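Q: Protein chains in written order, with the numbering used here: chain A, 1 to 170; chain B, 171 to 322.
Positions of the beta carbon are idealized from the N, C-alpha and C atoms, including for glycine.
These figures come from a predicted structure and were not determined experimentally.
Okay, here's the structure, questions in a sec.
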């Protein structure tokens with residue numbers, strides 16, 4: 001196999017993907033939901049075939065272009081329709097509420113206690129003895145954990161200072 | 171939707187560019203699978219017994235005459251002589267105008283390396299297999315090799 005031909009194909013595939021992904025907007029590469037992940041996976045496979053010259057480049061362009069067009073149409077449709085968005089992206093799962101693990105949420109996402117501890121460290125930098133300050137911790141549709149603190153545990157805001165001043169009458 | 175129009179425009183533009191390179195500049199091995207890669211794909215498809223899919227590697231004339239069952243019948247002696255096929259590699263090709271001869275080797279468990287040579291021709295800018303006698307030759311070689319007492 002002639003090496004310079006591989007280089008030409010790789011360069012072509014790189015420029016083409018860069019162009020269509022850039023033109024299709026930031027969401028395409030965000031890997032925010034299942035569909036984005038599937039898109040990245042299939043694009044990777046089509047590039048592999050094109051790189052080794054196993055399919056005509058025209059087929060690669062049509063396959064990758066069609067995938068990106070489908071992705072654009074689906075994301076536009078899910079932006080307009082919340083039901084479709086819930087089907088495609090799923091909904092966040094609460095796995096910790098008011099400092100306690102939610103068994104239902106853990107079971108649904110198959111998260112062990114050890115994994116929940118890891119997620120709390122990742123999402124809020126918290127060890128189990130600090131969980132009492134958590135209102136809710138959720139596994140978002142992107143697969144990332146998010147942590148919402150109880151009102152008393154949240155960092156002081158400008159409005160808290162104003163409320164304190166009012167209370168003191170200053 | 172602006173993004174949609176832009177993506178479709180880029181796809182159309184690049185397709186036109188590739189068509190120009192393939193048909194205008196006569197590219198036969200860079201933006202289209204080379205003859206060796208074509209027979210590699212064909213033999214790999216046969217080795218997983220996807221005879222219906224393998225028909226797409228044949229030129230229009232051959233594809234209209236050959237049924238998946240015939241591919242199965244011609245592949246069977248190769249498969250039996252070779253045993254388990256571990257890998258298929260397209261190895262060489264000689265291109266003369268719109269015709270080519272290409273060779274691939276079957277890496278097999280029982281018979282070692284088994285070369286397969288096939289004739290191809292260019293059809294609408296894509297290499298297609300023009301004759302299937304390379305399969306019969308490979309089968310015959312494997313039979314002789316078996317009678318002589320093993321692989322190479």
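1. How about the stretch 48 to 60 of chain A and the stretch 73 to 81 of chain A: do they share at least three Cβ pairs that are nearer than 8 Å?
2. If we count the other Cβ atoms within 10 Å of its Cβ and call it buried at 16 or more, is residue 173/B buried or exposed?
3. To be precise: take each residue of the stretch 175 to 195 of chain B, compare its Cβ to all Cβ atoms of chain C, and keep it if any distance is under 8 Å. Which residues remain?
4. Using the DSSP secondary-structure output, state which residues sit across from residue 97/A in a beta bridge.
5. How many Å lie between residue 304/B and residue 283/B at the Cα?
6. Closest Cβ-Cβ distance between residue 58/A and chain B: below 8 Å?
7. Using a Cβ-Cβ cut-off of less than 7 Å, list which residues of the stretch 202 to 214 of chain B approach chain A; keep chain order.
8. Okay, do the stretch 146 to 160 of chain A and the stretch 113 to 125 of chain A touch, 3+ Cβ pairs below 8 Å being the bar?
9. Using C-beta distances below 7 Å, list every residue in its chain close to residue 99/A, excluding the 5 sequence neighbours before and after it, in chain order.
10. Just curious, the alpha helix (DSSP H) that residue 142/A is in, first and last residue?
11. Give every residue of the same chain whose Cβ lies closer than 6 Å to the Cβ of residue 276/B, excluding the five residues on either side of it in the sequence, and list them in chain order.
12. Note down, in chain order, every chain A residue with its Cβ under 7 Å from the Cβ of residue 199/B.
13. Does the beta carbon of residue 233/B come closer than 8 Å to any beta carbon on chain A?
14. Is the stretch 230 to 245 of chain B touching the stretch 76 to 90 of chain A in the sense that three or more CB pairs, one from each, lie closer than 8 Å?
15. Would you list the residues sitting across from residue 272/B in a DSSP beta bridge?
16. Taking the straight line between their C-alpha atoms, what separation do you get for residue 112/A and residue 119/A?
17. Under 8 Å: do the stretch 37 to 53 of chain A and the stretch 197 to 207 of chain B share three or more Cβ pairs, one atom per stretch?
18. Identify the continuous beta strand (DSSP E) that holds residue 299/B and give its terminal residues.
19. DSSP beta-bridge partners for residue 278/B?
20. Could you say which of 168/A, 107/A, 163/A, 92/A lies nearest to residue 139/A if we only look at CA atoms?
21. Quick check on residue 173/B - is its C-beta less than 8 Å from some C-beta in chain A?
22. Quick one: is residue 296/B near chain A, going by C-beta distance under 8 Å?
23. Whose C-beta lies closer than 6 Å to the C-beta of residue 136/A among residues of the same chain, with five residues either side of it excluded?
24. Using the Cα positions of residue 12/A and residue 207/B, report the straight-line distance between them to the nearest angstrom.
25. Can you pull the chain B neighbours of residue 24/A, defined as C-beta to C-beta under 7 Å?
26. Below 8 Å on C-beta distance, what does residue 61/A contact in chain B?
27. Quick one: which residues of the stretch 8 to 21 of chain A get their C-beta closer than 8 Å to a C-beta of chain B? List them in chain order.
A: Let's see:
1. no
2. Residue numbering aside, residue 173/B sits at position 3 when the second chain is read from its first letter. Buried, because 16 or more other Cβ atoms sit within 10 Å of the Cβ of residue 173/B.
3. As a matter of chain content, chain C is missing from the structure shown, whose protein chains are A and B.
4. Taking the first chain and counting its residues from 1, one reaches residue 97/A at position 97. According to DSSP, residue 97/A bridges with 100/A, 136/A.
5. The residue you call residue 304/B lines up with position 134 of the second chain. The residue you call residue 283/B lines up with position 113 of the second chain. Each residue's alpha carbon lies about 15 Å from the other.
6. The residue labelled residue 58/A in the question sits at position 58 within the first chain. Yes, residue 58/A counts as interfacial toward chain B.
7. 202, 203, 204, 207, 211
8. yes
9. Here residue 99/A refers to the residue found at position 99 when the first chain is read from its first residue. Answer for residue 99/A: 131, 132, 134, listed in chain order.
10. For the purposes of this step, residue 142/A is taken as the residue at position 142 of the first chain. It is not in any alpha helix (DSSP H) - residue 142/A carries neither H nor E in the DSSP assignment.
11. Counted from its first residue, the second chain places residue 276/B at position 106. Only 252, 255, 258, 284 meet the Cβ criterion.
12. Numbered from 1 along the second chain, position 29 holds the residue referred to as residue 199/B. Per Cβ cutoff of 7 Å: 5.
13. If you number the second chain from 1, residue 233/B lands on position 63. Answer no: the Cβ-Cβ gap between residue 233/B and chain A never drops below 8 Å.
14. no
15. Start at 1 with the first residue of the second chain, and residue 272/B comes out as number 102. Bridge partners of residue 272/B: 263/B, 288/B.
16. The residue given as residue 112/A occupies position 112 in the first chain. The residue given as residue 119/A occupies position 119 in the first chain. Rounded to the nearest angstrom, the two C-alpha atoms are 10 Å apart.
17. yes
18. Taking the second chain and counting its residues from 1, one reaches residue 299/B at position 129. Here the beta strand (DSSP E) through residue 299/B covers 296 to 299.
19. One-based indexing of the second chain puts residue 278/B at position 108. Note: residue 278/B sits in a beta bridge opposite 255/B, 282/B.
20. Start at 1 with the first residue of the first chain, and residue 139/A comes out as number 139. Looking at the Cα atoms, 92/A is the closest of the given residues.
21. Here residue 173/B corresponds to residue number 3 of the second chain, with the count starting at 1. By this cut-off, residue 173/B is an interface position.
22. In the second chain, residue 296/B corresponds to position 126, counting from 1. Yes - at least one Cβ of chain A is within 8 Å of the one on residue 296/B.
23. Start at 1 with the first residue of the first chain, and residue 136/A comes out as number 136. Cβ neighbours of residue 136/A beyond the five flanking positions: 94, 97, 148.
24. Taking the first chain and counting its residues from 1, one reaches residue 12/A at position 12. Taking the second chain and counting its residues from 1, one reaches residue 207/B at position 37. Each residue's alpha carbon lies about 19 Å from the other.
25. Locating residue 24/A in the first chain gives position 24, counting from the first residue. Chain B residues near residue 24/A: 173, 177.
26. On the first chain, residue 61/A is found 61 positions in, with the first residue counted as 1. Here the neighbours are 181, 184, 185, 188.
27. 8, 9, 12, 16, 19, 20
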